[in-house]
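Sequential numbering from 1 applies to the sequence shown in the UniProt record's numbering.
Using N, Cα and C, we set each Cβ at its ideal position, and we do this for glycine too.
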Amino acid sequence: MKKVQDSDYWEEETQNGREAEAVNKHNVRISMYRFNQTEGFHSFQEMYGCELRDDGSTRGYWEYGYDGEDLISLDTERWVYYPITDQAQVSAQRWNEPEQRAGERARDYLETDCIDWLRKYLEYGKEELESRVRPEVKVSSRPSGSAMKLHCQVYGFHPRDVDVNWKKNGINIPSDEAKQVLPNSDGTYQLRVSVEVTPEDGASYSCYVDHSSLDEPLIVTWDPKTDGGNTGMIVAAAIVCCVIVMTVVAVIVTVIVWRKRNSSGKTNADRCFFKSVLQIMRVCVSVRRHMSQWLNGKNIPAFTRFTICGSVRKLLQIFLEIIS
């Protein structure tokens with residue numbers, strides 16, 4: 001919109017918005033009267049627009065709603081308004097009267113002014129609309145009962161149109177979930193396609209992505225050996241639990257040693273006490289090193305390895321404060 005050169009454009013659009021606000025406030029009051037309503041929150045909606053197809057043909061629409069329900073719609077074959085509810089019959093009849101000719105005036109706008117503005121906007125946004133950004137693709141899985149749920153995440157692509165399918169040995173696998181393309185904040189789009197399968201020996205499961213930015217379809221094959229999925233998260237959680245258990249045991253031993261220190265002499269007890277503390281830290285460092293090595297090759301958030309030792313240190317601080 002930075003390319004709009006007409007200095008009066010924004011002023012005219014602002015004035016049009018103010019006039020539309022006044023008209024729609026009046027329409028709300030009329031609709032409340034038609035529905036025999038005297039109070040409460042109510043809304044009057046208006047939706048119109050035009051489409052320009054690749055072959056040069058056009059299409060327009062103009063619809064009205066009240067409180068989220070369809071009220072009146074424009075018949076673009078006869079260019080007259082028809083009521084959708086009984087309460088809208090009076091308004092539709094008035095709009096279709098020869099003196100009003102609201103349908104014909106709507107046709108003039110949709111076929112001329114609306115298309116002219118649409119062509120201008122297409123020209124203003126030509127550079128961005130024609131840009132091509134390759135999609136990124138990531139496949140993952142998670143158990144689903146006795147089967148496996150396969151996910152194909154396609155993201156960062158432009159323009160919006162994309163074809164994504166799962167295939168088993170080159171044959172399409174139907175997906176029960178709706179394929180919903182969602183916008184990203186940077187103007188690109190994302191899509192996730194999921195299927196539920198029962199893995200078979202020798203079978204190959206691949207995600208096929210076809211997009212205008214690609215010379216040929218992008219194929220990403222699911223490999224259960226390298227896909228961490230939820231299994232990896234479960235293993236990581238199990239390791240964390242083991243470390244916590246070992247930490248608790250070590251702290252209990254430390255407390256026992258501290259109690260013995262009070263009864264059997266301070267020198268030897270101190271030595272045992274600090275050995276116990278060092279042993280706890282040794283377990284933490286050892287687990288941290290092995291966790292780091294294992295996690296580097298897995299699709300698992302990196303924060304796990306730091307949480308373990310942080311928990312150990314906090315427990316030590318608490319018990320050191322207690323016994324000091």
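Residue i: CB within 7 Å of a non-hydrogen atom of the ligand NAP
i	result
residue 151	Although the ligand NAP was asked about, the structure shown includes no ligands whatsoever.
C-beta contact flag for residue i and residue j at 8 Å
i	j	result
residue 167	residue 206	yes
residue 210	residue 163	yes
residue 64	residue 76	no
residue 196	residue 147	yes
residue 44	residue 28	yes
residue 9	residue 31	no
residue 224	residue 141	yes
residue 158	residue 187	yes
Local conformation of residue i per DSSP, three classes
i	result
residue 149	strand
residue 214	coil
residue 169	coil
residue 298	For residue 298, the predicted structure reports a pLDDT of 42, less than 50, and the residue's modelled location is therefore unreliable. A value from the coordinates is still provided. Residue state, collapsed to three classes: coil.
residue 219	strand
residue 139	strand
residue 192	strand
residue 58	strand
residue 181	coil
residue 84	coil
residue 230	For residue 230, the pLDDT reaches just 48, beneath the cut-off of 50, and the residue's location in the model is therefore unreliable, although a value from the coordinates is still provided. Note: residue 230 maps to helix in three-state DSSP.
residue 75	strand
residue 99	coil
residue 163	strand
residue 293	Note that residue 293 has pLDDT 44, beneath the 50 cutoff, so the model's placement of it is unreliable and no number is given.
residue 51	strand
residue 144	strand
residue 128	helix
residue 176	coil
residue 116	helix
residue 104	helix
residue 15	helix
residue 25	helix
residue 123	helix
residue 111	helix
residue 203	coil
Identified DSSP bridge partners for residue i
i	result
residue 345	Missing from the structure shown is residue 345; the chain here goes from 1 to 324 and no further.
residue 30	Per DSSP, none; premise fails for residue 30.
residue 133	158
residue 90	DSSP lists no partner for residue 90.
residue 208	165, 219
residue 197	148
8 Å contact criterion, which residue i and residue j should meet: CB distance rounded
i	j	result
residue 204	residue 172	About 13 Å separates the two Cβ atoms, so there is no contact after all.
residue 156	residue 128	Their Cβ separation, rounded to whole angstroms, is 15 Å, which puts residue 156 and residue 128 out of contact at 8 Å.
residue 161	residue 212	7 Å
residue 100	residue 94	6 Å
Close beta carbons around residue i, own chain, < 6 Å, minus the five adjacent residues each side
i	result
residue 139	152, 207, 220, 222
residue 35	87
residue 175	193, 195
residue 134	213
residue 165	172, 208
Cβ-based neighbour list, residue i, same chain, cut-off 7 Å, excluding 5 preceding and 5 following
i	result
residue 92	72, 81, 82, 83
residue 89	83
Proximal residues to residue i (C-beta, below 8 Å), its chain only, five neighbours per side dropped
i	result
residue 52	58, 115, 118, 119, 122
residue 184	155, 156, 190
residue 24	44, 46
residue 182	189, 190, 191
residue 96	80, 81, 102, 103
residue 289	Here residue 289 scores only 47 on pLDDT, less than 50, and its place in the model should not be relied on; the value that follows carries that caveat. Answer for residue 289: no residue qualifies.
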